[in-house]
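**Q** Residue 324 is where the sequence shown ends in numbering that gives the first Met the number 0, and the numbering goes up by one at each step. We put the beta carbon where it would ideally sit given N, CA and C, even for glycine. Structure below; questions to follow.
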Amino acid sequence: MPSSTAALELFAASLTSLALAFLLDRFVGDPPSRFHPVVWMGWVIGRVKRANRGSPLQRRVLGVLCALAVIALFSLPVYFALQVAYGVSPLLYVLVACVTFKFTFAFRSMADYTKPIAERLLQGDLEGARAFIPYIARRDPSKLDEELITSTAVESIAESTVDGAASPLFYFALLGVPGAVAYRVVNTLDSMVGYKRPDIRDFGWFSAKLDTILNYVPARLTALLIAASAKLLRLNSSQSLRIALRDHSKTESLNAGWPMSAMAGALGVKLVKLGFYELGDPIDKLKPIHIIKALEVMAVTVALFTVICLPIILLRCMLLAPWVM
């Protein structure tokens with residue numbers, strides 16, 4: 000166990016890294032794709048997918064080994080780089096940590112993709128709004144009317160509150176920047192190989208299960224905090240909790256239903272994915288303004304989640320430093 004002085008020093012460095020990462024995301028955003036680590040993850044995973052051959056058992060074993068290898072490939076260099084950086088200077092650690100951590104979450108990008116949808120819908124430009132759908136969801140835009148486009152955007156905001164913000168924060172709090180990086184690798188693996196298609200199901204089962212496990216706690220905490228955010232924003236907090244408890248199991252995902260149903264309740268709308276689920280009650284008709292309201296709920300929820308993570312970060316610095324940074 001580190002001394003109290005060392006623990007507080009690392010805690011201060013961690014908080015500074017966290018704050019700077021948020022500022023980088025807010026005012027700088029993401030770099031071009033060729034310089035984005037998540038794109039590199041996708042490139043590596045695309046090559047790893049070539050190992051998907053053999054019997055179902057062989058594919059499962061290879062899926063486990065490949066997933067663990069990709070996680071190690073990205074998280075271990077970060078771990079050692081931070082160890083070296085902190086040994087040289089806490090300032091160098093902060094610089095490396097904030098830049099690396101920033102690439103593990105997607106807060107501003109969700110607003111960048113969904114605000115234009117609301118703007119185009121308000122202008123009556125349905126085709127313009129549809130053009131942004133492929134950036135946030137795997138749905139055929141041509142089959143979506145204004146309400147379904149709005150629903151898709153609100154659902155994506157709610158789900159991204161977990162996997163794009165809360166979960167990276169949670170694993171940063173528990174395991175430092177390497178933990179957030181490992182989470183982002185798992186989430187990327189799930190998005191690329193975690194399907195139930197016969198050709199990839201066995202290879203991707205481990206990545207899918209691991210992503211479900213890692214999002215389990217953050218998804219449920221996020222649902223609670225969406226309700227709390229609704230209270231602060233003078234939306235329907237009690238309805239948010241009620242709908243989350245009632246409708247969370249309607250989605251195929253064990254986790255996605257929690258934030259989406261909580262968001263539906265907070266906004267007083269019904270979110271619909273045709274042929275799959277309906278979440279919430281149509282107290283209010285879905286309108287483009289609900290996209291903006293959902294982004295406001297997301298922002299407050301992430302702020303509350305960050306506050307909850309602060310004592311966890313302090314405990315990590317007190318108990319696990321310098322091994323976990």
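If you draw a straight line from the C-alpha of Glu277 to the C-alpha of Val271, how long is it?
**A** Each residue's Cα considered, the two are about 5 Å apart.
**Q** Is it buried or exposed for Asp144, if we count other Cβ within 10 angstroms and need 16 for buried?
**A** Asp144 comes out exposed.
**Q** Give the single residue among Gly274, Asp280, Val301 whose Cα lies nearest to the Cα of Ser260.
**A** Ranking the options by Cα distance to Ser260, first place goes to Asp280.
**Q** Who pairs with Glu277 in a beta bridge, going by DSSP?
**A** DSSP lists Val271 as partners of Glu277.
**Q** Is it the case that the Cβ atoms of Ala320 and Leu9 are separated by a distance below 8 Å?
**A** Yes.
**Q** Within its chain, find whatever has a CB closer than 6 Å to the CB of Leu19; leave out the 5 residues flanking it on each side and keep chain order.
**A** Taken in chain order, the residues that qualify are Cys97.
**Q** Can you tell me where the alpha helix (DSSP H) holding Gly203 begins and where it ends?
**A** 200-231 is the span of the alpha helix (DSSP H), which, as asked, contains Gly203.
**Q** Rank Gln122, Arg107, Ala179 by C-alpha distance to the C-alpha of Phe26 and give the top, closest one.
**A** When each option's Cα is compared against that of Phe26, the closest is Arg107.
**Q** Please list the terminal residues of the continuous alpha helix (DSSP H) segment that includes Ala12.
**A** It spans 3-26 - the alpha helix (DSSP H) in which Ala12 sits, taken as one unbroken run.
**Q** State yes or no: is the beta carbon of Leu240 nearer than 8 Å to at least one beta carbon in chain C?
**A** Although the question refers to chain C, the structure presented lacks it and comprises just one protein chain.
**Q** Leu173: which of Leu294, Leu213, Met109 sits nearest, CA to CA?
**A** With distances taken between Cα atoms, Leu173 lies closest to Leu213.
**Q** If I'm right that Ala117 touches Ile225 with Cβ under 8 Å, what's the distance once you round it to whole angstroms?
**A** At roughly 19 Å, the Cβ-Cβ gap does not stay under 8 Å, so Ala117 and Ile225 are not in contact.
**Q** Using CA atoms only, rank isn't needed, just tell me which of Gly203, Tyr215, Pro89, Thr305 is closest to Pro258.
**A** Nearest of Gly203, Tyr215, Pro89, Thr305 to Pro258, Cα basis: Tyr215.
**Q** Would a C-beta distance cut-off of 8 Å place Phe73 and Val161 closer than the cut-off?
**A** The answer is no: Cβ separation not under 8 Å.
**Q** Between Ser248, Gly264, Arg233, which lies nearest to Leu239 when the distance is taken from Cα to Cα?
**A** According to the sequence shown, residue 239 is Ser rather than Leu. Here the closest residue by C-alpha is Gly264.
**Q** What's the call for Ser88, buried or exposed, on a 16-neighbour Cβ count within 10 Å?
**A** By the 10 Å Cβ count, Ser88 comes out exposed.
**Q** Terminal residues of the continuous alpha helix (DSSP H) containing Met317?
**A** Met317 -> alpha helix (DSSP H) spans 288-318.
**Q** Relative to the alpha-carbon of Ser159, which residue among Ala207, Phe205, Pro76, Ala222 has its alpha-carbon at the smallest distance?
**A** Comparing Cα-Cα distances from Ser159 to each of Ala207, Phe205, Pro76, Ala222, the minimum goes to Ala222.
**Q** Assign His35 to one of three DSSP states: helix, strand, or coil.
**A** Note: His35 maps to coil in three-state DSSP.
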